[in-house]
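The opening position of the sequence shown corresponds to residue 54 in our numbering, with each subsequent residue numbered one higher. Note that the Cβ used here is the ideal one computed from N, Cα and C, for glycine as well. Written below as structure tokens is the structure these notes are about.
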Amino acid sequence: MALLNNHNLFFKEVSLMKKGWFILGILFLLFTFSMSEAQVKPGWPKSVTIGAAPVGGTYYIWGGGFAKLLHDKMGIPGNVEVTGGPVHNTQLVDAKQLDFGMVTAGPVWEGWTGEGWAKGKKHQNVRVIFPMYATYFQMYALKKTGIKSIHDLNGKSVGVGPVGGTPATYWPKILEAAGVKPARYVNASSADLNSQLKDGMLDANGQSVGLPWVIISEIEVTHEINILPIPKADAEKFIAKHPLFATGVIPKGFYKSNKDFDVETITVWNYMTVHKDAPDDFVYEVVKKTFENVDILIAAHASAKETKPEAIVTSPIPLHPGAVKYYREKGIKIPDKLIP
């Protein structure tokens, strides 16, 4: 009798184990489905590439946050690609060699119209999907050099980031508008230029990035620096020829080096772009998930606090239809010039 009871107990335990494994299996399938729902939709990418800029810059950090958002909220892995920046990203998205590309208003507009760097070739396969943040043109020099203003850069060596980036494209134009003639411009990553500056091989280092620029925050720990203002009168001379840009200020106290005063500068918006052939429903979902989970982006870089739907009307080129659908649902009136 005891043997029979043990036998029945054994089968009850087996039955319970089977039920347990069955429940675990169902939970696993539900989890897998929820994580891969985006992937199974026809025409949607199973993974994506995100065009950023050199390692250490705001784009690269921002791209990491965006990749995390896509993975966590849509189940789509994203790889952040090191590129030359906005010009390069415009070219690569236009040619379907990137799924997403981060750009600033100036370079993507020149690509669209075939002006400036585009040299007559129009890149009109690119579409904006959401605004990222405003870029601030920032330039600094070691305090011991006595360089306090952009007008002190005559005859000096000035770092402006890698070829194809927004700073390399526009810092020379800003200084030219101000009547400043450096001896030479140096192209390299921000980190490399920062090292050259600390070693005395470079007089000033300039970028155009969101606030904060981590390079300034880091060098302030070990060196005294001056953040060089772009006087409003000089900024307006540049903006007269480049109306997508605007005057702005780095707020007082934002960095250790400007604790008692605002720093006058120039700003321009950044955008996330895709190819015009990206699926409408995919783009719609990306935009929706981005604004619903902007905290993930803010955790990566504070500039994402500016990532708000209303700023989409600043786009210099047409939007993707999937993005237009989202903004219309939110009651945002899209200018006719931005309708694809």
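- Message: So within the region 296-366, which uninterrupted alpha helix (DSSP H) runs reach at least 4 residues, ignoring any that extend past its ends?
- Response: 333-345 and 347-353
- Item | Simplified DSSP assignment, three categories, for residue 177 | Counting from 1 along the sequence shown, the entry for residue 177 is found at position 124. Coil at residue 177, not helix or strand.
- Task: Output yes or no for whether 7 angstroms exceeds the beta carbon distance between residue 158 and residue 297.
- Result: As a first step, residue 158 is located in the sequence shown; it is residue number 105 there, counting from the start. As a first step, residue 297 is located in the sequence shown; it is residue number 244 there, counting from the start. Result yes, Cβ atoms of residue 158 and residue 297 sit closer than 7 angstroms.
- Task: Please name the residue or residues paired with residue 134 in a DSSP beta bridge.
- Result: Here residue 134 is taken as the residue at index 81 of the sequence shown, counted from 1. Bridge partners of residue 134: 104.
- Message: Could you compute how far the alpha carbon of residue 113 sits from the alpha carbon of residue 141?
- Response: Along the sequence shown, one-based indexing puts residue 113 at 60. Along the sequence shown, one-based indexing puts residue 141 at 88. Roughly 14 angstroms separates the two Cα atoms.
- Task: Report the three-state DSSP secondary structure of residue 368 (helix, strand or coil).
- Result: Translated into the one-based positions of the sequence shown, residue 368 becomes position 315. Looking at residue 368 - three-state DSSP - the assignment turns out to be coil, as it is neither helix nor strand.
- Item | Exposure of residue 256, with buried meaning 16 or more beta-carbon neighbours within 10 Å | Working through the sequence shown from its first residue, we reach residue 256 at position 203. So residue 256 ends up on the buried side.
- Item | Of the residues 253, 150 and 252, the one placed nearest residue 329, counting alpha carbons only | Counting from 1 along the sequence shown, the entry for residue 329 is found at position 276. Of the listed residues, the one whose Cα sits closest to residue 329 is 150.
- Task: Grab the span of the beta strand (DSSP E) containing residue 260 for me, first residue to last.
- Result: Counting from 1 along the sequence shown, the entry for residue 260 is found at position 207. Run containing residue 260: 257-262, per the beta strand (DSSP E) assignment.
- Query: What distance in whole Å lies between the Cβ atoms of residue 362 and residue 344, which are believed to be in contact at a cut-off of 8 angstroms?
  - Reply: Your numbering for residue 344 matches position 291 in the sequence shown. Your numbering for residue 362 matches position 309 in the sequence shown. So it is a contact: roughly 6 angstroms between Cβ atoms.
- Query: CB-CB under 6 angstroms to residue 393, same chain, minus the five flanking residues each way: which ones, in chain order?
  - Reply: Counted from its first residue, the sequence shown places residue 393 at position 340. Answer for residue 393: 371 and 374, listed in chain order.
- Query: Between residue 124 and residue 327, what straight-line distance do the alpha-carbon atoms span, to the nearest angstrom?
  - Reply: Taking the sequence shown and counting its residues from 1, the one referred to as residue 124 is at position 71. Taking the sequence shown and counting its residues from 1, the one referred to as residue 327 is at position 274. So the two alpha carbons sit approximately 18 angstroms from each other.
- Message: Using only CA atoms, which one of 230, 177, 347 and 239 lies nearest to residue 121?
- Response: On the sequence shown, position 68 is the one that residue 121 refers to. For the residues 230, 177, 347 and 239, the minimum Cα distance to residue 121 belongs to 347.
- To the nearest whole angstrom, what separates the beta carbons of residue 111 and residue 356, a pair I think is in contact under 8 angstroms? On the sequence shown, position 58 is the one that residue 111 refers to. On the sequence shown, position 303 is the one that residue 356 refers to. At roughly 6 angstroms, the Cβ-Cβ gap stays under 8 angstroms, so residue 111 and residue 356 are in contact.
- Query: Does DSSP classify residue 192 as helix, strand or coil?
  - Reply: The count along the sequence shown starts at 1 and reaches residue 192 at position 139. Looking at residue 192 - three-state DSSP - the assignment turns out to be strand.
- Message: Using only the alpha-carbon positions, how far apart do residue 94 and residue 100 sit?
- Response: Walking along the sequence shown from the start, residue 94 turns up at place 41. Walking along the sequence shown from the start, residue 100 turns up at place 47. Computed Cα separation, rounded: 13 angstroms.
- Residue range of the unbroken alpha helix (DSSP H) whose run includes residue 202: As a first step, residue 202 is located in the sequence shown; it is residue number 149 there, counting from the start. Element bounds for residue 202: n/a, residue is neither H nor E.
- How many angstroms separate the CA atom of residue 323 from the CA atom of residue 133? To locate residue 323, count along the sequence shown from 1; it is residue 270. To locate residue 133, count along the sequence shown from 1; it is residue 80. So the alpha carbons of these two residues sit roughly 17 angstroms apart.
- Message: In this structure, how does DSSP classify residue 88 when only helix, strand and coil are distinguished?
- Response: Residue 88 sits at position 35 when you count from the first residue of the sequence shown. Model confidence at residue 88 stands at a pLDDT of 45, short of 50, so the residue's coordinates are unreliable; what they give is reported in the following sentence. The answer is helix: DSSP assigns residue 88 an H, G or I state.
- Query: Are residue 242 and residue 139 closer than 7 angstroms when you measure CB to CB?
  - Reply: Position 189 of the sequence shown, counted from the start, is the residue given in the question as residue 242. Position 86 of the sequence shown, counted from the start, is the residue given in the question as residue 139. It is not a contact, given that the beta carbons lie outside the stated cut-off.
- Item | Residues of its chain near residue 283, where Cβ-Cβ distance is below 7 angstroms and the 5 sequence neighbours each way are ignored | What you label residue 283 is simply residue 230 of the sequence shown in a count that begins at 1. These residues qualify, in order along the chain: 190, 203, 227, 317, 318 and 319.
- Per DSSP, which one or two residues make a beta bridge with residue 270? Walking along the sequence shown from the start, residue 270 turns up at place 217. Residue 270 pairs with nothing; no bridge assigned.
- Query: Should residue 193 and residue 278 be called a contact, given that it needs their Cβ atoms to be closer than 7 angstroms?
  - Reply: Against the sequence shown, residue 193 aligns to sequence position 140. Against the sequence shown, residue 278 aligns to sequence position 225. Cβ distance < 7 angstroms, so residue 193 and residue 278 count as in contact.
- Query: Is residue 287 buried or exposed, if buried means 16 or more other CB atoms sit within 10 Å of its CB?
  - Reply: Numbered from 1 along the sequence shown, position 234 holds the residue referred to as residue 287. Flag for residue 287 reads buried.
- Message: Suppose the cutoff is 6 angstroms on Cβ atoms and the five residues either side in sequence are ignored; what does the same chain contact list for residue 117 look like?
- Response: Along the sequence shown, one-based indexing puts residue 117 at 64. 133 and 353.
- Task: Using DSSP bridges, identify the partner residues of residue 187.
- Result: In the sequence shown, counting from the first residue as 1, residue 187 sits at position 134. According to DSSP, which records beta bridges pairwise, residue 187 is partnered with 322.
- Message: Please identify the residue among 174, 212, 387 and 291 whose C-alpha is closest to the C-alpha of residue 144.
- Response: Within the sequence shown, the letter at position 91 stands for residue 144. Nearest of 174, 212, 387 and 291 to residue 144, Cα basis: 174.
- Find the nearest neighbour of residue 127 within the set 376, 349, 386 and 339, judged by alpha-carbon distance. Locating residue 127 in the sequence shown gives position 74, where the first residue counts as 1. Comparing Cα positions, the closest option is 339.
- Hey, how far is the Cα of residue 160 from the Cα of residue 276? Position 107 of the sequence shown holds residue 160. Position 223 of the sequence shown holds residue 276. Near 33 angstroms, if we compare the C-alpha coordinates of residue 276 and residue 160.
- Message: Output needed for residue 130: all residues of its chain with C-beta closer than 7 angstroms, excluding positions within five of it in sequence on either side, in chain order.
- Response: For the purposes of this step, residue 130 is taken as residue 77 along the sequence shown, with counting starting at 1. Excluding residues within five positions, the ones whose Cβ falls inside 7 angstroms are 100 and 124.
- Message: Using CA atoms only, rank isn't needed, just tell me which of 119, 299 and 215 is closest to residue 289.
- Response: In the sequence shown, counting from the first residue as 1, residue 289 sits at position 236. Checked all of 119, 299 and 215; the closest Cα to residue 289 is 299.
- Could you please give me the residues that DSSP links to residue 416 through a beta bridge? Here the chain covers residues 54 to 393 and nothing more, so residue 416 does not appear.
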